[in-house]
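Engineer: Chains as they are written, first to last, in my numbering: chain V, 1 to 479; chain G, 480 to 917. Built from N, CA and C at the ideal position, the CB exists for glycine as well. Quick caveat, the model's predicted, so the values are computed rather than measured.
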Amino acid sequence: MKGVARIANCGAEAPRGLKPTLHALVMLAIVAPLAAQIKLPPFTRHTQPNGLTVLLAPRKDTPLVSFRALVRGGAEADPAELAGLTVVTAELLRRGTTTRTADQFAEQVDFLGATFTTAADESASLVSTEFLRKDTATALDLFADAILHPAFPEDEFKKALSQRIDAAKAAKDNPGRLNSLFFPVFYFGPNHPYGRPSDEISLAPIQRSNVIEQHRSLFVARNTTLIAVGDFDPPQLRALIGKTFASMPTGQPFAWTKGVADPKHSAARLLVVDKPDATQTYFIIAMPGIHRTHPDRVALWLINTLFGDRFTSMLNDELRVNSGLTYGAGSRVQTDRLTGAITINTFPQTQTTTQAIDLALDVLKRLTAKGIDTEQLSSSKAYVKGIYPTENLETSDQLAGVLSDLELYGLNRGEIDDLISRIDSVTLEQANTVARKYYRMENLQFCLTGQASKIKDSVSKYAKDMKVVSSSAPGIRIE
Amino acid sequence: MAMRLGALIPFFLVPATAQQLAISAHSLSNGMKVLIHEDHDIPNVAMYLFYKVGSRNERPGATGMSHFFEHMMFNGAKKYGPKQFDIQMEKNGGRNNAYTSRDITAYTDWFPTSSLELMFDLEADRIRDLAFDPKMIESERGVVYSERRNAIDNSNSGLLSEQLFATAYIAHPYQWPVVGWASDIEAWTIDDLKEHYRMGYAPNNCVLVLVGAVKEAEVLRLARKYLEPIPKQDPPPPVRTKEPPQLGERRVTLRRPDARAPLVYAAWHVPETRHADSLSLEVLSLVLSAGRSSRLHRRLVEKDQLALSVEASYQDGLDPSVFLINAQVRPGADPTAVEKALYDELDALGSSGLTGNELAKVRNQVLTSFYRQIRTIAGKANIIGQAEVFHGDYRKINSYAEDVQKISAADLQRVAKQYLTPTNRTVATLLPGREESR
């Protein structure tokens with residue numbers, strides 16, 4: 001593969017699945033004949049008597065319907081010592097209900113040719129299914145059964161937990177993945193909800209009773225938004241959902257963690273995760289960023305596109321195209337409820353580790369010192385507007401993702417309807433102010449996975465505070 | 480659609496057959512095939528170019544050349560110099576990628592309709608007048624080597640797949656990795672590149688697919704203006720070597736001291752895509768591993784709890800190909816037990832065939848997965864082009880759902896019995912830890 005912009009995220013993927021990148025987030029809109037007329041498609045939003053919020057967006061390109069339940073909490077709802085509980089709870093929904101065994105549930109989903117997935121990220125659990133329009137009644141019944149009536153059978157609980165523990169161990173076999181698992185633990189630290197490792201150590205003590213309690217408190221009507229996008233008749237579907245979910249307990253919305261301090265790094269720090277069989281060094285260099293609804297988000301999106309989120313970006317141009325040091329280099333702006341990081345990431349071969357890090361720092365320095373020019377800004381604007389529809393507006397799934405994002409962060413339709421004008425209105429001066437504000441050389445946080453014996457001396461120049469940990473030790477632990 | 484028919488009619492109407500894609504086909508006078516499907520849902524276009532050249536057209540010493548060439552296609556031509564392909568595309572709201580397989584090299588462009596003419600100009604420039612700048616070649620060699628390190632040398636699954644193909648094929652070029660052996664990556668020359676360009680990049684060796692917010696007449700006008708003047712050339716010479724029949728099981732073991740999870744990958748020789756059995760083999764792969772109720776998932780992941788995941792697949796090929804089963808074994812579990820359970824399941828399928836509603840289930844899975852592929856302009860462009868290249872007829876995608884309905888339980892049982900035999904299989908195992916000393 002040639003590689004391209006997607007490569008910009010390698011090594012820094014969100015470990016838990018559902019996380020959109022900045023450009024998967026800032027947007028939304030659907031099609032109109034011209035990109036310049038991007039508007040949110042028609043949809044309805046209503047609240048049922050028990051407090052369940054329902055969004056319905058009909059569209060008819062293929063005879064498929066996409067449902068998802070967005071349940072607030074995510075990793076923030078995990079007790080500190082049981083990180084991963086919310087993910088395990090979501091996984092168990094399909095593994096036996098009061099009227100179906102896990103096998104029967106799987107058989108019925110597959111018989112429809114449907115997809116059924118569960119996940120949880122920093123801020124929410126997500127249950128999604130997609131099926132043919134003709135199967136709407138059956139699919140909704142299965143979907144509701146998993147959400148409303150899971151039985152959490154003891155044997156399925158034990159099996160799912162042990163599988164997840166083994167998957168956590170196996171994930172460490174891949175050095176890029178390993179680095180992306182260590183990064184949030186290193187950057188956010190144990191006192192932050194994003195910094196608690198969900199690993200074999202935190203998963204092992206989870207009890208079935210923890211899962212039952214987690215489901216009882218989170219999967220309630222006032223904490224859930226149901227989103228349907230696809231080929232259906234809205235009044236009919238609304239009536240069907242109303243009936244099916246009438247029994248969902250009202251409950252309370254999840255209380256977001258208050259007073260979480262943003263990570264403050266008063267000095268550069270460096271972590272080396274030793275992976276003796278790696279022949280490349282996977283590295284992430286991080287600095288403080290923004291939260292999802294921060295007012296700088298559009299300007300930062302435009303700047304980061306130029307810095308590291310497309311093929312001709314400054315980082316990819318230097319580290320790949322000009323020097324051939326790596327298959328791809330990029331940067332990413334994390335956008336969650338709490339302030340995240342801006343990360344530079346790539347993977348040079350072991351022998352050129354410092355050459356690549358030095359070059360990445362040079363590129364950062366250049367952006368900090370010189371900013372961008374008018375031509376670059378206009379290219380970035382054209383790019384984000386041009387690729388926006390294919391990444392966000394084409395499928396029912398994409399649209400459901402955009403609607404969940406708006407719901408989760410309390411954004412209104414202006415986030416989408418005014419997107420083009422907000423992009424166009426960013427001035428060069430504003431863009432450069434934002435560039436100088438976020439892209440900074442001081443107190444950088446370096447997270448590296450590679451052969452420690454070959455790189456630890458040479459990389460010590462980047463930070464006095466340096467630690468080496470072994471990848472063969474249990475869990476994703478730094479202390 | 481959506482006529483309101485009242486409460487006596489089932490709530491949601493059933494489509495009688497799968498949705499058909501209206502595709503128009505044209506040939507330019509230089510032999511390039513042009514396939515167009517209009518889709519005005521979003522104001523964007525997917526422009527895919529499929530060159531019928533891949534690693535099967537290579538030779539020892541220059542393995543990986545098709546893939547390296549794929550990278551070089553972005554490094555400058557006569558009108559648009561180094562970097563300009565990407566710079567022009569991105570500043571006009573487009574982006575691109577490309578991929579190489581054993582059989583083809585595909586270039587994939589996505590852009591707003593307003594950039595349509597620019598894209599024809601860019602593509603024509605590099606097909607006609609690619610530049611070979613020695614500096615760009617050296618830098619790109621480093622990039623490709625990094626890609627190999629990332630996808631193979633630092634990936635247990637990549638390493639094991641490479642070993643599997645190198646063992647399953649002893650004669651045919653499918654034996655070497657698409658990215659190329661490391662020694663060849665180090666040794667490619669500018670002359671290898673030029674030779675590959677002459678061999679593979681004839682307009683008559685290319686299928687152009689456009690899907691999106693375009694008008695057929697406008698696409699044809701641009702194709703005639705920019706692409707038709709490029710002269711026809713000889714297509715790549717036929718691949719003469721045929722893989723001889725396998726006469727006994729082959730095995731290969733890979734040791735990775737730092738690994739935690741073992742892997743068990745197996746391959747069986749099966750016919751090429753155009754063969755009548757390929758569709759049955761594809762459907763068989765779904766019976767084995769599509770969804771949590773599939774045979775192998777249920778047995779290996781849920782019942783025996785030996786694997787974290789298992790996947791069966793039929794690999795498309797212009798030449799006789801392979802049927803693969805890949806299992807990620809749980810850390811600490813016994814790979815030989817995984818193999819045994821796997822063969823039990825294949826034997827059961829061969830001897831007893833499908834049971835209950837398995838056939839109906841798999842037909843539904845095929846239909847919905849087809850709809851998922853055609854949800855996007857990119858997905859449509861890809862399957863239209865692949866049908867044209869691998870089946871020799873793009874219209875296959877419109878008969879696909881119907882063709883699948885014609886597959887019987889007996890067909891599936893027969894192909895399982897005929898191809899998935901011990902003699903015909905190659906097994907590659909990745910084991911954690913060091914080999915025990917004697």
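If you measure beta-carbon to beta-carbon, which residues of the stretch 577-602 of chain G are closer than 7 Å to chain V?
Structural biologist: Listed by position along the chain: Ala577, Tyr578, Trp589, Phe590 and Pro591.
Engineer: Residues bridged to alanine 794/G by DSSP?
Structural biologist: Here residue 794/G refers to the residue found at position 315 when the second sequence is read from its first residue. Reading the sequence as shown, one finds glutamine at residue 794/G and not alanine. DSSP lists no partner for glutamine 794/G.
Engineer: If we cut at 8 Å on Cβ distances, does isoleucine 387/V have a partner in chain G?
Structural biologist: On the first sequence, residue 387/V is found 387 positions in, with the first residue counted as 1. Yes, contact with chain G.
Engineer: Assess, as a yes-or-no matter, whether the stretch 37-50 of chain V is touched by the stretch 173-192 of chain V under the definition of 3 or more beta carbon pairs within less than 8 Å.
Structural biologist: As far as the Cβ criterion goes, the stretch 173-192 of chain V does not touch the stretch 37-50 of chain V, which means the pair count is below three.
Engineer: Can you give me the start and stop residues for the beta strand (DSSP E) that aspartate 405/V sits inside?
Structural biologist: By 1-based counting over the first sequence, the position of residue 405/V is 405. No beta strand (DSSP E) contains aspartate 405/V, which is instead part of the alpha helix (DSSP H) from 396-409.
Engineer: Can you name the start and end residues of the beta strand (DSSP E) that alanine 577/G belongs to?
Structural biologist: Translated into positions along the second sequence, residue 577/G becomes position 98. That run of the beta strand (DSSP E) goes 574-579.
Engineer: Would a C-beta distance cut-off of 8 Å place threonine 257/V and proline 184/V closer than the cut-off?
Structural biologist: The residue labelled residue 257/V in the question sits at position 257 within the first sequence. The residue labelled residue 184/V in the question sits at position 184 within the first sequence. No. Outside cutoff.
Engineer: In chain order, which continuous runs of the alpha helix (DSSP H) of length 4 or greater are located wholly inside the stretch 101-170 of chain V?
Structural biologist: You should have 102-111 and 136-148.
Engineer: Any C-beta of chain V sitting closer than 8 Å to the C-beta of lysine 840/G?
Structural biologist: Start at 1 with the first residue of the second sequence, and residue 840/G comes out as number 361. Cβ-Cβ to chain V under 8 Å: yes for lysine 840/G.
Engineer: So, do the stretch 522-540 of chain G and the stretch 648-660 of chain G have three or more beta carbon pairs nearer to each other than 8 Å?
Structural biologist: Touching, yes.
Engineer: Which partner residues of serine 331/V appear in the DSSP bridge assignment?
Structural biologist: On the first sequence, position 331 is the one that residue 331/V refers to. In DSSP, serine 331/V forms a bridge with Ile344/V.
Engineer: By how many angstroms is the C-alpha of isoleucine 862/G removed from the C-alpha of arginine 904/G?
Structural biologist: In the second sequence, the residue the question calls residue 904/G occupies position 425. In the second sequence, the residue the question calls residue 862/G occupies position 383. C-alpha separation (whole angstroms): 29 Å.
Engineer: So, at 7 Å on beta carbons, what are the nonlocal neighbours of arginine 607/G in its own chain, with the 5 sequence-adjacent residues on each side left out?
Structural biologist: As a first step, residue 607/G must be located in the second sequence, where it is residue number 128. Excluding positions up to five away in sequence, the list reads Ile709.
Engineer: Quick one: give me the first and last residue of the beta strand (DSSP E) that leucine 742/G is part of.
Structural biologist: As a first step, residue 742/G must be located in the second sequence, where it is residue number 263. Its beta strand (DSSP E) spans residues 742-749.
Engineer: Taking the alpha-carbon of arginine 413/V as reference, which of Thr433/V, Leu270/V, Lys2/V and Leu55/V has the nearest alpha-carbon?
Structural biologist: Here residue 413/V refers to the residue found at position 413 of the first sequence. Ranking the options by Cα distance to arginine 413/V, first place goes to Leu55/V.
Engineer: Please compile the residues from chain V whose C-beta is within a distance smaller than 8 Å of the C-beta of aspartate 565/G.
Structural biologist: Here residue 565/G refers to the residue found at position 86 of the second sequence. Going along chain V in sequence order, the residues near aspartate 565/G (Cβ under 8 Å) are Phe311 and Thr312.
Engineer: Taking the alpha carbon of arginine 310/V as the point to measure from, which residue in Phe157/V, Val211/V, Thr374/V and Ser379/V has its own alpha carbon closest?
Structural biologist: As a working mapping, residue 310/V is identified with position 310 in the first sequence. Answer by Cα proximity: Ser379/V.
Engineer: Spell out the partners DSSP gives aspartate 588/G in its beta bridges.
Structural biologist: Within the second sequence, numbered from 1, the residue matching residue 588/G stands at position 109. Beta-bridge pairing links aspartate 588/G to Met526/G and Asn575/G.
Engineer: Find the residues of chain G that neighbour glutamate 107/V, judging by a C-beta separation of less than 7 Å, and give them in chain order.
Structural biologist: Numbered from its first residue, the first sequence carries residue 107/V at position 107. Under the 7 Å cutoff, chain G gives Ser772.
Engineer: With H, G and I counted as helix, E and B as strand and the rest as coil, what does DSSP make of glutamine 282/V?
Structural biologist: Mapped onto the first sequence, residue 282/V falls at position 282. This sequence places tyrosine at residue 282/V; glutamine is not what is there. Tyrosine 282/V falls in the strand class under three-state DSSP.
Engineer: Determine, using beta carbons only, whether glutamate 394/V comes closer than 8 Å to chain B.
Structural biologist: The chain labelled as chain B is not found among the protein chains of the depicted structure, namely V and G.
Engineer: Taking the alpha-carbon positions, what's the glutamate 318/V to tyrosine 850/G distance?
Structural biologist: Reading the first sequence from its first residue, position 318 is the one you call residue 318/V. Reading the second sequence from its first residue, position 371 is the one you call residue 850/G. The alpha-carbon atoms of glutamate 318/V and tyrosine 850/G are separated by roughly 41 Å.
Engineer: Span of the beta strand (DSSP E) holding glutamate 781/G?
Structural biologist: Taking the second sequence and counting its residues from 1, the one referred to as residue 781/G is at position 302. First-last for glutamate 781/G: undefined, no H or E at that position.
Engineer: Express the C-alpha separation of serine 618/G and tryptophan 667/G in angstroms, rounding to a whole number.
Structural biologist: Taking the second sequence and counting its residues from 1, the one referred to as residue 667/G is at position 188. Taking the second sequence and counting its residues from 1, the one referred to as residue 618/G is at position 139. Those two C-alpha atoms are separated by around 13 Å.
Engineer: To which residues of the same chain is proline 489/G closer than 8 Å at the C-beta, ignoring the five residues directly before and after it?
Structural biologist: Locating residue 489/G in the second sequence gives position 10, counting from the first residue. Residue placement at proline 489/G is poorly supported in this model, since its pLDDT is 31, which falls under 50; the coordinates are not used for a value here.
Engineer: Does the beta carbon of alanine 24/V come closer than 8 Å to any beta carbon on chain G?
Structural biologist: Looking up residue 24/V in the first sequence gives position 24. The predicted position of alanine 24/V is uncertain, since its pLDDT is 33 and thus under 50; a value taken from the coordinates is nonetheless stated next. For alanine 24/V, the answer is no, since every Cβ of chain G falls outside 8 Å of its Cβ.
Engineer: Measuring CB to CB, does threonine 250/V end up less than 8 Å from valine 220/V?
Structural biologist: Taking the first sequence and counting its residues from 1, the one referred to as residue 250/V is at position 250. Taking the first sequence and counting its residues from 1, the one referred to as residue 220/V is at position 220. In contact: threonine 250/V and valine 220/V (Cβ atoms closer than 8 Å).
Engineer: Would you check if the distance between the CB atom of proline 810/G and the CB atom of alanine 170/V is smaller than 8 Å?
Structural biologist: The residue labelled residue 810/G in the question sits at position 331 within the second sequence. The residue labelled residue 170/V in the question sits at position 170 within the first sequence. Yes, the pair counts as a contact, with Cβ atoms nearer than the cut-off.
Engineer: Inspect the beta-carbon positions of leucine 93/V and leucine 112/V and report whether they are closer than 8 Å.
Structural biologist: Here residue 93/V is taken as the residue at index 93 of the first sequence, counted from 1. Here residue 112/V is taken as the residue at index 112 of the first sequence, counted from 1. Their beta carbons are not under 8 Å apart, which means leucine 93/V does not touch leucine 112/V by this criterion.
Engineer: How many Å lie between valine 260/V and glycine 73/V at the Cα?
Structural biologist: Position 260 of the first sequence, counted from the start, is the residue given in the question as residue 260/V. Position 73 of the first sequence, counted from the start, is the residue given in the question as residue 73/V. Looking at the two C-alpha atoms, the distance is approximately 15 Å.
Engineer: Identify which residue in Asn523/G, Glu596/G and Cys685/G has its Cα closest to the Cα of threonine 584/G.
Structural biologist: By one-based count along the second sequence, residue 584/G stands at place 105. Nearest of Asn523/G, Glu596/G and Cys685/G to threonine 584/G, Cα basis: Cys685/G.
Engineer: Would you kindly work out how many angstroms separate the C-alpha atoms of threonine 224/V and threonine 847/G, rounded to a whole number?
Structural biologist: Residue mapping note: residue 224/V aligns to position 224 of the first sequence, counting from 1. Residue mapping note: residue 847/G aligns to position 368 of the second sequence, counting from 1. Cα-Cα distance, rounded: 28 Å.
Engineer: Could you give the C-beta distance for valine 333/V and isoleucine 284/V, rounded to a whole number, given that I count them as a contact under 8 Å?
Structural biologist: The residue you call residue 333/V lines up with position 333 of the first sequence. The residue you call residue 284/V lines up with position 284 of the first sequence. Incorrect: roughly 13 Å between the Cβ atoms, too far for contact.
Engineer: Look at the alpha carbon of leucine 726/G and the alpha carbon of tryptophan 747/G, and state the distance between them as a whole number of angstroms.
Structural biologist: Stepping through the second sequence from its first residue, residue 726/G is reached at position 247. Stepping through the second sequence from its first residue, residue 747/G is reached at position 268. The alpha-carbon atoms of leucine 726/G and tryptophan 747/G are separated by roughly 12 Å.
Engineer: In three-state DSSP terms, what is valine 698/G?
Structural biologist: What you label residue 698/G is simply residue 219 of the second sequence in a count that begins at 1. Here valine 698/G sits in helix by DSSP.
Engineer: From Val513/G, Ala702/G and Pro522/G, pick the residue whose C-alpha is nearest to that of aspartate 600/G; which is it?
Structural biologist: Position 121 of the second sequence holds residue 600/G. It is Ala702/G whose Cα lies nearest to the Cα of aspartate 600/G.
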